[in-house]
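**Student:** Anchor point for the sequence shown: position 176 equals 176 in the UniProt record's numbering, and the numbering is continuous, going up by one each time.
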Amino acid sequence: MYTNPPLLFFFLSNFESPYISSLCYYPAKLYSNVCANRFTAMIHILFALILAEMALIVIFVFKTPLRKFVIMGLDRVKRGQAPIVVKAVGSTIFVVMMSSVYSVMQIHNRRNRDDDGGGELTPTDQILAARHLLEASLMGFSLFLALMIDRLHHYIRELRIRRKNMEAIKKQNRIMENGKTGNQDEVKALEDELSTLKDKITHLKSELDEKTKEASDAEANATAMKKQSEGFLLEYDRLLEENQNFRAQLQSSERRSRAI
1 MYTNPPLLFF FLSNFESPYI SSLCYYPAKL YSNVCANRFT AMIHILFALI LAEMALIVIF
61 VFKTPLRKFV IMGLDRVKRG QAPIVVKAVG STIFVVMMSS VYSVMQIHNR RNRDDDGGGE
121 LTPTDQILAA RHLLEASLMG FSLFLALMID RLHHYIRELR IRRKNMEAIK KQNRIMENGK
181 TGNQDEVKAL EDELSTLKDK ITHLKSELDE KTKEASDAEA NATAMKKQSE GFLLEYDRLL
241 EENQNFRAQL QSSERRSRAI
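Written out as structure tokens, the structure is:
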């Protein structure tokens, strides 16, 4: 059941007893003042945060000397444990925002439950709903601006890195072009020497082909001579065997003649 202490004090202060009325008037007024002061302080803080975030976005959009210092400051903030603190604060703001949205929904649901959907919000409920809705809107807008600041910082840093890389590449190309224009004679001499070496390589290739052809012919001749020598060796063995046979026949014939 939703309870509202200021409204409770208001009803008690309107009681017929003057003692109860005087007793409850001052606590109700004090509580209302405290809540109003807290709400006002919170709204001031949220507006200050939103204005600061909008100022940072404007600084990011326009190229001014201040943007460099802001980027350097954010680079330092994103180092160490600062991102964890920022995420914790953002998560807390998001939870409080969802709590405010839930409070608005609870007020409307209570109206529908009490009046069966046909009544209107009381002035107190309207003020509470408007307050919670304002808090949720300011918190959501501040979170959105914080996300925009983070993305803008990331893209600007990436753009600066790519610009530095492009400048370095342009500088290298400029140095190479200057070196080419200053060493044209050396390049021409090297080209002439290269053409001479190419001619020598072509001549050596032709000589190598001739030597290779001669070597292949010599190898073929050696193979043929080897085969021919093998044939001569076979013929020599055959003749040697026939000679031995003739000698054996001659010796046998001599022995027969002696025996006769």
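Idealized CB from N, CA, C, for every residue including glycine.
None of these values were measured; they are calculated from a predicted model.
Pick helix, strand or coil for K78, following the three-state DSSP scheme.
**Tutor:** Here K78 sits in coil by DSSP.
**Student:** Please state whether DSSP places E230 in a helix, a strand or coil.
**Tutor:** Residue state, collapsed to three classes: helix.
**Student:** To which residues of the same chain is L49 closer than 6 Å at the C-beta, ignoring the five residues directly before and after it?
**Tutor:** Correct list, in chain order: S142.
**Student:** Could you tell me whether the Cβ atoms of A136 and M97 are closer together than 8 Å?
**Tutor:** Against a cut-off of 8 Å, the Cβ pair of M97 and A136 comes out as a contact.
**Student:** Mark L147 as exposed unless 16 or more other C-beta atoms lie within 10 angstroms of its C-beta, in which case mark it buried.
**Tutor:** Classification for L147: exposed.
**Student:** Which value, in whole angstroms, describes the spacing of the CA atoms of V103 and A129?
**Tutor:** Here the sequence assigns Ser to residue 103, which means Val is not the residue at that position. Rounded to the nearest angstrom, the two C-alpha atoms are 7 Å apart.
**Student:** Taking 8 Å as the cut-off, decide whether the C-beta atoms of L51 and V70 are in contact.
**Tutor:** Not a contact, by the Cβ cut-off of 8 Å.
**Student:** Measuring alpha carbon to alpha carbon, tell me which residue in A82, H154, S100 is nearest F60.
**Tutor:** The option with the nearest alpha carbon to F60 is H154.
**Student:** Determine, using beta carbons only, whether L134 and E53 come nearer to each other than 8 Å.
**Tutor:** No, the Cβ-Cβ distance between L134 and E53 is not below 8 Å.
**Student:** Note down the Cα distance separating N109 from S100, rounded to an integer number of angstroms.
**Tutor:** The straight-line gap from Cα to Cα measures roughly 14 Å.
**Student:** Rank H132, L138, M105 by C-alpha distance to the C-alpha of H44 and give the top, closest one.
**Tutor:** Ranking H132, L138, M105 by Cα distance to H44 puts L138 first.
**Student:** Work out the CA separation of P83 and I156 for me, nearest whole Å.
**Tutor:** Between I156 and P83, the C-alpha separation is close to 18 Å.
**Student:** From the DSSP output, in three-state form, read off L51 for me.
**Tutor:** In the structure shown, L51 sits in a helix (DSSP, three-state: H, G or I).
**Student:** Hey, which unbroken runs of the beta strand (DSSP E) at 3 residues or more fall wholly within the stretch 136-190?
**Tutor:** Listed in chain order, nothing qualifies, since the stretch 136-190 has no complete beta strand (DSSP E) run of 3 or more residues.
**Student:** Pull up the distance between the alpha-carbon of E193 and that of I201, whole angstroms please.
**Tutor:** Whole-angstrom Cα-Cα distance: 12 Å.
**Student:** How is T202 classed by DSSP in three states: helix, strand or coil?
**Tutor:** Reduced to three states, the DSSP call for T202 is helix.
**Student:** Hey, how far is the Cα of P27 from the Cα of P123?
**Tutor:** Interpretation of P27 is limited by its pLDDT of 47, a score under 50 that renders its predicted location unreliable; the figure taken from the coordinates is listed afterwards. Rounded to whole angstroms, P27 to P123 spans 21 Å at the Cα level.
**Student:** Just mark I169 as buried or exposed, buried being the case when its beta carbon has 16 or more other beta carbons within 10 Å.
**Tutor:** Burial call: exposed.
**Student:** Give the straight-line distance between the Cα atoms of N245 and E214, rounded to the nearest whole angstrom.
**Tutor:** Near 46 Å, if we compare the C-alpha coordinates of E214 and N245.
**Student:** What does the Cβ neighbour count give for I107, buried or exposed, with the cut at 16 atoms within 10 Å?
**Tutor:** By the 10 Å Cβ count, I107 comes out buried.
**Student:** Using DSSP with H/G/I as helix, E/B as strand and the rest coil, what is K211?
**Tutor:** Of the three classes helix, strand and coil, the one that applies to K211 here is helix, per DSSP.
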